[in-house]
Amino acid sequence: MVFEKIAALIADHVGCDIADIKAESTFEALGIDSLDTAEMVIELEEELGIEIQLKEKMETVGQLAKYIESQKG
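Residues 1021 to 1093, numbered by this note's numbering, are exactly what the sequence shown covers, in order.
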């Protein structure tokens, strides 16, 4: 569920097909910079109703999804 929300958000931001976004897709390869990431995290916080505290840089979509799932408890 979290991965799908992230993938949909990325597809909307960069204008790509959601099917092209895989867990191993890097944000860099998708054309997402740190500002885009910050904006998407804010949107995810609102959508999921949680606070996301990124303590380290996430390289892939899958890493971010796993991290958020661990924060949801």
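Cβ coordinates follow ideal geometry from the N, Cα and C atoms, glycine included. Keep in mind it's a predicted model, so treat the numbers as computed, not measured.
In this structure, the beta-carbon distance from L1084 to I1026 falls below 8 Å. Residue range 1081–1092 is occupied by the alpha helix (DSSP H) that includes K1092. Rounded to the nearest whole angstrom, the CA to CA distance from G1082 to F1047 is 10 Å.
DSSP lists T1080 as the beta-bridge partner residues of T1046.
Annotation: the continuous alpha helix (DSSP H) that includes D1032 extends over 1022–1034.
Taken through DSSP and simplified to helix, strand or coil, D1053 comes out as coil.
Across the structure, A1043 and Q1091 are spaced so that their CA atoms are roughly 18 Å apart.
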